Amino acid sequence: MQQRTLGKTGFQVSALTLGGGGIGMVWGPTTDEECVETVKYAVANGINMLDLAPVYGTGKSEEIVGQAWRELATTPFIATKVFVLPDERKDLSGAVQRSIEGSLKRLGLSQIDVFQLHNQIEPQEPTAPRRLTLREVIGAGGVLDAMQKLKDAGVVKALGFTGIARHDVVRELFADGRLETVQLVTNILCSEGEMGARADAPYRDHLQMVRLAQAAGLGVFGIRPFAAGSLTAAIDRTLPAEHPVVRDFALAQQHLGFLATEPSSSLSMAAMRYALSLPGVSTVVTGAKNRTELAEAVAAVAAGPLPPATLERIATLQRTVLARQ
């Protein structure tokens, strides 16, 4: 599989990353056995980055990789995250330490390649209980100080964050200097779904953020290529009618059907090829929960970028119809 440089980490990573959402049973039902086989299938097919998190199935994604580790054909890069809970905000350093210790134990490892902050970040006091302030992250005694100590101690190799936040906040984090990777939305709808954090900037700023991250030397994990299932043939879990993913699914069905008309194509394959086509994206994260889903993502990599005419048609929709949603 094609490899790309993950920003200033220097890591040569596969164009496709296996995310932990599927194998953590976030995206619908599966089994432990199938999840272990999916991890093995990923590595056997050239995927050398696994992006996990303690909140995926309450540690399940990390446990699955820990079970599969000894059977893997090669050793992949491991990325995981820390999510600071509301009752941990008075002890940020302790929260970071407890998180990394739990991850290492579940994985059966002594070192993590990329350690990322999972919380969304706001400039002032959060409007939602599971978010942090910018000061709590980059200020003295904040989350990044604790993460940097782990890097200095050799427990982790590189630091990153999830860039679902107001774009002025993301820019400040780019400028901090300690962060080396960022997770940014890279789907055709430019939708954050239920994770939506901001109404301060139009959809197109998602792509602007990719360019700014690249200019700052950060490696970009392209996330939510399928818009949490909106860019697939069917949503595979029960959601209320007013859920953002249901709204996005209807939008995709109405406007993006042309992407599934090419031979041997589907909306989900086109969605993955779109994310892989974006300049500045180091690797695209797929939350596949089984080998069948992952095989389609691998096939999308082999198919290559979308044709320029198709990309232009998508861009026109983003500037017009999708921008008004």
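End of the sequence shown = 487 in the numbering used here, gap-free, step of one. All C-beta atoms, glycine included, are put in the ideal place defined by N, C-alpha and C. Please read these numbers as outputs of a predicted model, since none were measured by experiment.
Query                                                                                                                 : Result
C-alpha distance - P469 paired with T423, whole-angstrom precision                                                    : 14 Å
Backbone secondary structure at E199 - three-state DSSP                                                               : helix
heavy atom of the ligand NAP below 7 Å from S428 C-beta                                                               : As far as ligands go, the structure on display features none, and thus does not contain the ligand NAP.
A206, buried or exposed, once every other Cβ within 10 Å from all chains shown has been counted against 16            : exposed
Buried or exposed by the 16-neighbour rule on C-beta atoms within 10 Å, applied to Q345                               : buried
Extent of the continuous beta strand (DSSP E) run through K222                                                        : From DSSP, K222 is part of no beta strand (DSSP E) but of the alpha helix (DSSP H) over 222 to 230.
Cα-Cα separation, D362 to V483                                                                                        : Because D362 sits at a pLDDT of 45, beneath the cut-off of 50, its placement in the model cannot be relied upon, and the following sentence gives the value as read from the coordinates. Cα-Cα distance, rounded: 19 Å.
A389 versus Y436, V463, V332, residue with shortest Cα-Cα distance                                                    : Y436
The beta strand (DSSP E) enclosing V344, as first and last residue numbers                                            : 343 to 347
Same chain, Cβ closer than 7 Å to P291, five either side skipped, listed in chain order                               : P248
The region 229 to 245 / the region 267 to 282 touching (three or more Cβ pairs under 8 Å)                             : yes
Pick from E250, L312, L418, R166 that is closest to F277, judged by C-alpha positions                                 : L312
Euclidean distance between Cα positions of R380 and A396                                                              : Reading off the sequence shown, one finds Leu at residue 380, where the question assumed Arg. Roughly 34 Å separates the two Cα atoms.
Residues that V447 bridges to, as DSSP identifies them                                                                : T179
Cβ shell of L168 (< 6 Å), same chain only, five flanking positions each side left out                                 : V175, G381, S444
Reduced DSSP category for I385 - H, G, I as helix; E, B as strand; rest coil                                          : strand
Unbroken alpha helix (DSSP H) run spanning A414, endpoints                                                            : 406 to 417
V317 (DSSP reduced to helix, strand or coil)                                                                          : coil
Given A414 as reference, the closest of E455, V331, A433, L440 once Cα atoms are compared                             : A433
N- and C-terminal bounds of the alpha helix (DSSP H) containing T400                                                  : Looking at the DSSP string, T400 is not in any alpha helix (DSSP H), and its letter there is neither H nor E.
Segments of 4+ residues assigned as alpha helix (DSSP H) that fall wholly inside the region 428 to 481                : 429 to 439, 453 to 465, 470 to 481
Start and end residues, alpha helix (DSSP H) containing V332                                                          : 329 to 338
Candidates T295, P406, A308, R293, of which the one nearest S261 by Cα                                                : A308
Rounded C-alpha distance that separates S427 from A461                                                                : 10 Å
Contact check, G228 vs G186, beta carbons under 8 Å                                                                   : no
Spatial neighbours of P467 in its chain, beta-carbon cut-off 7 Å, leaving aside the 5 residues before and after       : R435, L438, S439
Residue(s) in a DSSP beta bridge with E284                                                                            : T295
Residue of A377, F420, G355, L421 minimising C-alpha distance to E404                                                 : G355
Exposure label - S272; buried when at least 16 CB within 10 Å                                                         : exposed
Residues of its chain near I476, where Cβ-Cβ distance is below 7 Å and the 5 sequence neighbours each way are ignored : I350, Y436
Residues sharing a beta bridge with R166, DSSP                                                                        : V175
Nearest residue (CA-CA) to D275, options L234, G303, L321                                                             : L321
T200 beta carbon less than 8 Å from that of N452                                                                      : yes
Counted within 10 angstroms of its Cβ, other Cβ atoms place F420 as buried (16 or more) or exposed                    : exposed
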